[in-house]
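*Asks:*
There are 2 protein chains.
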Amino acid sequence: MEEQSIRVEERQDKKEKPKSEDLIFGRNFTDHMFVMDYTEGLGWHNPSIIPYQNLSISPASMIFHYGQSVFEGLKAFRTENGDVQLFRPEKNVQRLNQSNDRLVIPPIDENLALEAIKQLVAMDSDWVPSTEGTSLYIRPFIISTEPYLGVAPSHYYKFIIIMSPVGSYYKEGINPVKIAVENQYVRAVKGGTGEAKTGGNYASSLKAQELCEKEGYSQVLWLDGVEKKYIEEVGSMNVFFKINGEVVTPALNGSILPGITRDSVIQLLKHWDIPLVERRVSIKELYEAHQNGTLEEAFGSGTAAVISPIGELYWEGHHLVINEGKTGDISKKVYDTITGIQYGKMEDPFDWTVKVEKNSKVRQ
Amino acid sequence: MEEQSIRVEERQDKKEKPKSEDLIFGRNFTDHMFVMDYTEGLGWHNPSIIPYQNLSISPASMIFHYGQSVFEGLKAFRTENGDVQLFRPEKNVQRLNQSNDRLVIPPIDENLALEAIKQLVAMDSDWVPSTEGTSLYIRPFIISTEPYLGVAPSHYYKFIIIMSPVGSYYKEGINPVKIAVENQYVRAVKGGTGEAKTGGNYASSLKAQELCEKEGYSQVLWLDGVEKKYIEEVGSMNVFFKINGEVVTPALNGSILPGITRDSVIQLLKHWDIPLVERRVSIKELYEAHQNGTLEEAFGSGTAAVISPIGELYWEGHHLVINEGKTGDISKKVYDTITGIQYGKMEDPFDWTVKVEKNSKVRQ
Ligand SMILES: Cc1ncc(COP(=O)(O)O)c(C=O)c1O
Ligand SMILES: Cc1ncc(COP(=O)(O)O)c(C=O)c1O
Numbered sequence: 001m002e003e004q005s006i007r008v009e010e011r012q013d014k015k016e017k018p019k020s021e022d023l024i025f026g027r028n029f030t031d032h033m034f035v036m037d038y039t040e041g042l043g044w045h046n047p048s049i050i051p052y053q054n055l056s057i058s059p060a061s062m063i064f065h066y067g068q069s070v071f072e073g074l075k076a077f078r079t080e081n082g083d084v085q086l087f088r089p090e091k092n093v094q095r096l097n098q099s100n101d102r103l104v105i106p107p108i109d110e111n112l113a114l115e116a117i118k119q120l121v122a123m124d125s126d127w128v129p130s131t132e133g134t135s136l137y138i139r140p141f142i143i144s145t146e147p148y149l150g151v152a153p154s155h156y157y158k159f160i161i162i163m164s165p166v167g168s169y170y171k172e173g174i175n176p177v178k179i180a181v182e183n184q185y186v187r188a189v190k191g192g193t194g195e196a197k198t199g200g201n202y203a204s205s206l207k208a209q210e211l212c213e214k215e216g217y218s219q220v221l222w223l224d225g226v227e228k229k230y231i232e233e234v235g236s237m238n239v240f241f242k243i244n245g246e247v248v249t250p251a252l253n254g255s256i257l258p259g260i261t262r263d264s265v266i267q268l269l270k271h272w273d274i275p276l277v278e279r280r281v282s283i284k285e286l287y288e289a290h291q292n293g294t295l296e297e298a299f300g301s302g303t304a305a306v307i308s309p310i311g312e313l314y315w316e317g318h319h320l321v322i323n324e325g326k327t328g329d330i331s332k333k334v335y336d337t338i339t340g341i342q343y344g345k346m347e348d349p350f351d352w353t354v355k356v357e358k359n360s361k362v363r364q
Numbered sequence: 001m002e003e004q005s006i007r008v009e010e011r012q013d014k015k016e017k018p019k020s021e022d023l024i025f026g027r028n029f030t031d032h033m034f035v036m037d038y039t040e041g042l043g044w045h046n047p048s049i050i051p052y053q054n055l056s057i058s059p060a061s062m063i064f065h066y067g068q069s070v071f072e073g074l075k076a077f078r079t080e081n082g083d084v085q086l087f088r089p090e091k092n093v094q095r096l097n098q099s100n101d102r103l104v105i106p107p108i109d110e111n112l113a114l115e116a117i118k119q120l121v122a123m124d125s126d127w128v129p130s131t132e133g134t135s136l137y138i139r140p141f142i143i144s145t146e147p148y149l150g151v152a153p154s155h156y157y158k159f160i161i162i163m164s165p166v167g168s169y170y171k172e173g174i175n176p177v178k179i180a181v182e183n184q185y186v187r188a189v190k191g192g193t194g195e196a197k198t199g200g201n202y203a204s205s206l207k208a209q210e211l212c213e214k215e216g217y218s219q220v221l222w223l224d225g226v227e228k229k230y231i232e233e234v235g236s237m238n239v240f241f242k243i244n245g246e247v248v249t250p251a252l253n254g255s256i257l258p259g260i261t262r263d264s265v266i267q268l269l270k271h272w273d274i275p276l277v278e279r280r281v282s283i284k285e286l287y288e289a290h291q292n293g294t295l296e297e298a299f300g301s302g303t304a305a306v307i308s309p310i311g312e313l314y315w316e317g318h319h320l321v322i323n324e325g326k327t328g329d330i331s332k333k334v335y336d337t338i339t340g341i342q343y344g345k346m347e348d349p350f351d352w353t354v355k356v357e358k359n360s361k362v363r364q
């Protein structure tokens, strides 16, 4: 495929940027967005960076009715010397295409998508905040736009990238959370869409999430949809447990999202020679390990928080307090290393970061 | 709740209507649409009938990312004397609220929603076609519109109703279809969103649907997501089997949509003293019944086709031809009765139809 060049339409009236301390996740958006259209027969075409603006879209658009959509989430970080860099963006672009395949959405050109992310970040690089722990959240997504009420794959799509500056996840230092095991509702099941990043998975999670928050827990720990015995993942995070000196994480089984942070954690642990195994983990095993004192640590992994230590697990009347409710050594070491690499404070032995050249490739 | 009155803004430049023979499902839309907004704190407000038009909506709107949405589908029919009537619309409005509950969307006022449907149909009643078998398809739906990237229930929604004139489903008379049992992909699972009418269920079905069409089948017969043994439903239809003189349909188990046509079929069969039971039905039972000659009839039920006889079931290499591939007696009788009632050709002993008064309640 010949590489398409990205048309750029620059905004004249730049928006006012929120102050670093006022940054709330996902509420403010930068000056520009990327848009590319798909039309059956023509393929993906007209990649453009344009001023951030509303979409004008038919009420019959399939996205409003049959949920055919996929998305991604990644971040750009400002390093101490002022550079801007991305963390493993090629992984997000690959995963977007894996999600596309499950949702019957035509694949995108991964190089073009990467280039679009880089150019858009370069164009709005003033929006990448520089206070400790802040970053620019990047949201690529694809929606089905054909105005048609039949249940069928759409013949038209829009691939869009929007960006939002975000504050520090841990304003008062990395902090353990309380998580509740969900016994009634199910997020995903083998043969379903659990391993794809598609809206329906999140829509179906809202009910359980709402109920768990009412009980004072911050997120839900999902069990498998078939036997309701095996650990899947937490809200928007994959999950790790240290049991008797060994780190265990649920194996990718078709209903779990293959997290990029998860993969980074696994690579780091292997690099450090810390025992790590991907396998099925039952809630009963965790309960028993807790009872006999071998459940030593638990943490979630995801782009938003990087690492979220789990201080307490609630399951059927049992409050399992883990590591006295404090952040464990491995959680801390992994968190410090990944964020160290992301902000350019530590060496990057895996070549995970990708520099964004300010306006380098922007053609006008 | 005090009933809100519906504001009406009439279109001046009426669109050209497609000819009866050119009607394709879900492609043409009438002159007007209904829109009502929800804002946290204010509730549902500003119910309005306005000219059919595009929505101007933020690319950060939650519907594009987390799929929080619900919809309904019902029809208006033109009777022989020119009246327009709806079929059990109160059931659709009730089910919309059941779906809302699962998707954490604030409930709508069912009376107001019914009134909105009636007024909109009255306003665009010229769009209800009159050729045999044609109708006006009505699509109420709710989408989450808050521009926010956090995974949480939205604080803003839009309830919209659009309408599309549709041609006859069976141009050459009611006709059996071939259906393939799906063994790999799963539509829904207990604890998931299967019993709600929400986009994600349909998005997840596209892949299996595409594969089955490639093999020459018109729709997929879904098995349960847990054991992959029990019959759930067909594409956009519930399903019935006549085994050894008794009609059997899968019981509502939490992962099947409670179809309104399904309920109508059940009421009719009971009315006629035809043995009917709602219970679990395994694919193995159907296979064995076919082998010993007691699988006498099979049909799907749904708003689009009313009744869709199943002439062949494909399962793991077996082609189960049912009733010699012909429409069965019960399928035919149920089809004739429901459509007879819908088009006002037969008596309506259950009070299923609701007349729409032309412009009766339209306030301008
Ligand atoms: C359901 C789910 N699981 C896991 C993750 C973690 O994935 P990643 O590490 O790629 O952010 C996310 C968030 O992206 C998610 O939405
Ligand atoms: C998944 C599913 N099952 C069953 C049905 C049949 O329901 P109804 O008879 O209310 O149209 C539909 C269509 O509405 C559907 O989408």
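Chains as they are written, first to last, in the working numbering: chain A, 1 to 364; chain Z, 1 to 364.
For every residue, glycine included, the Cβ atom is placed at its ideal position computed from N, Cα and C.
The model shown is predicted, which means the values in this text are computed figures rather than measured ones.
1) To be precise: take each residue of the region 59–73 of chain A, compare its Cβ to all Cβ atoms of chain Z, and keep it if any distance is under 7 Å. Which residues remain?
2) Hey, is Z:Thr261 close to ligand 2, as in C-beta under 8 Å from one of its heavy atoms?
3) Please state the DSSP three-state secondary structure of A:His65.
4) Residues of chain A with CB closer than 7 Å to the CB of Z:Asn54, please, in chain order.
5) Following a CB-centred definition, is A:Thr337 positioned closer than 8 Å to any heavy atom of ligand 1?
6) What number of angstroms, rounded off, separates the C-alpha of A:Asn46 from the C-alpha of Z:Lys345?
7) With distances taken Cα to Cα, identify the nearest neighbour of A:Gly293 among A:Phe299, A:Asn244, A:Pro275, A:Pro309.
8) So, are the CB atoms of Z:Ser282 and Z:Ile322 less than 9 Å apart?
9) Would you identify the three-state DSSP class for Z:Asp351, choosing helix, strand or coil?
10) Give me, in chain order, the residues of the same chain whose beta-carbon lies closer than 6 Å to that of Z:Lys15; leave out the 5 immediate sequence neighbours on both sides.
11) Return no unless some Cβ of chain Z is closer than 9 Å to the Cβ of A:Tyr230.
12) Let me know if A:Lys355 comes out buried or exposed under the rule of 16 or more other beta-carbons within 10 Å of its beta-carbon.
13) Could you give the DSSP three-state label for A:Ala76: helix, strand or coil?
14) Interface residues of chain A around Z:Tyr217 at Cβ under 8 Å?
15) Just the Cα atoms here: how many angstroms apart are Z:Ala196 and Z:Val70?
16) In the DSSP output, which residue or residues are listed as bridge partners for A:Leu313?
17) Between the C-alpha atoms of A:Lys361 and A:Met123, what's the straight-line distance to the nearest angstrom?
18) Under 8 Å: does the beta carbon of Z:Leu286 sit that close to some heavy atom of ligand 2?
19) Pull the bridge partners of A:Ile307 from the DSSP assignment, please.
20) Quick one: what's Z:Leu136 bridged to in DSSP?
21) Is any heavy atom of ligand 2 found at a distance shorter than 8 Å from the C-beta of Z:Leu257?
22) For the alpha helix (DSSP H) that contains A:Lys358, what are its first and last residues?
23) Comparing the CB of Z:Ala304 with every heavy atom of ligand 2, is any distance shorter than 8 Å?
24) To the nearest angstrom, how far is the alpha carbon of A:Leu74 from that of A:Leu257?
25) According to DSSP, which residues form a beta bridge with A:Gly43?
26) What distance in whole Å lies between the Cβ atoms of Z:Gly167 and Z:Ile24, which are believed to be in contact at a cut-off of 8 Å?
27) How do the region 172–188 of chain Z and the region 322–342 of chain Z stand: do at least 3 beta-carbon pairs fall below 8 Å, yes or no?
28) Measure the Cβ-Cβ separation of A:Leu295 and A:Leu286 and say whether it is below 9 Å.
29) Any beta-carbon of chain Z closer than 9 Å to the one on A:Gly192?
30) How would you list, in chain order, the residues of chain A whose beta-carbon sits under 9 Å from the beta-carbon of Z:Thr198?
31) For A:Pro153, go through chain Z and note every residue whose CB falls closer than 8 Å to its CB, in chain order.
32) Only counting the same chain, and skipping five residues up and downstream in sequence, which positions put a Cβ closer than 6 Å to that of Z:Thr131?
33) Residues of chain A with a CB under 8 Å from the CB of Z:Met33: which are they?
34) Are any of the Cβ atoms in chain Z nearer than 9 Å to that of A:Gly26?
35) Alpha carbon to alpha carbon, how far is Z:Gly191 from Z:Ser99?
36) Could you tell me which chain A residues have their CB closer than 9 Å to the CB of Z:Leu103, listed as they occur along the chain?
*Replies:* The answer reads as follows:
1) Cβ contacts with chain Z come from Pro59, Ala60, Ile63, Phe64, His65, Tyr66, Gly67, Gln68, Ser69, Phe71.
2) Z:Thr261 Cβ: within cutoff of ligand 2.
3) DSSP places A:His65 in the helix class (H, G or I) of the three-state scheme.
4) Result: Ser56, Ile57, Ser58.
5) For ligand 1, not one heavy atom lies less than 8 Å from the Cβ of A:Thr337.
6) Distance between the alpha carbons of A:Asn46 and Z:Lys345: 53 Å.
7) Considering only alpha carbons, the answer is A:Asn244.
8) It is not a contact, given that the beta carbons lie outside the stated cut-off.
9) Residue state, collapsed to three classes: coil.
10) Closer than 6 Å at Cβ, skipping near neighbours: Asp31.
11) Not closer than 9 Å to any Cβ of chain Z, the Cβ of A:Tyr230 fails to qualify, so no.
12) With fewer than 16 Cβ atoms within 10 Å of its Cβ, A:Lys355 is classed as exposed.
13) Note: A:Ala76 maps to strand in three-state DSSP.
14) Chain A residues near Z:Tyr217: none, gap ~15 Å exceeds 8 Å.
15) Distance between the alpha carbons of Z:Ala196 and Z:Val70: 8 Å.
16) Beta-bridge analysis with DSSP links A:Leu313 to A:Ile179, A:Leu320.
17) At A:Lys361 the pLDDT is 47, less than 50, meaning the model places this residue with poor confidence and gives no usable figure here.
18) The nearest non-hydrogen atom of ligand 2 is 8 Å or more from the C-beta of Z:Leu286.
19) In DSSP, A:Ile307 forms a bridge with A:Ser301.
20) Answer is Z:Ala76, Z:Pro165.
21) Checking every heavy atom of ligand 2 against the Cβ of Z:Leu257, one is found closer than 8 Å.
22) Counting along the chain, A:Lys358 falls outside any alpha helix (DSSP H), and DSSP gives it neither H nor E.
23) At least one heavy atom of ligand 2 is nearer than 8 Å to the Cβ of Z:Ala304, so yes.
24) Rounded to whole angstroms, A:Leu74 and A:Leu257 show a C-alpha spacing of 15 Å.
25) Bridge partners of A:Gly43: A:Thr39.
26) Contact flag correct, Cβ pair sits at about 7 Å.
27) They touch, by the three-pair rule.
28) Yes. Within cutoff.
29) Interface residue, yes.
30) Counting only Cβ-Cβ distances below 9 Å, Z:Thr198 has contacts in chain A at Gly67, Gly200, Ala203, Ser204, in chain order.
31) Neighbours of A:Pro153 on chain Z, chain order: Leu206, Glu210.
32) The residues are Ser20.
33) Pro59, listed in chain order.
34) Residue-level contact by beta carbon holds for A:Gly26 and chain Z, with a gap shorter than 9 Å.
35) Each residue's alpha carbon lies about 14 Å from the other.
36) Taking a Cβ-Cβ threshold of 9 Å, the residues of chain A close to Z:Leu103 are Ala203, Ser204, Leu206, Lys207, in chain order.
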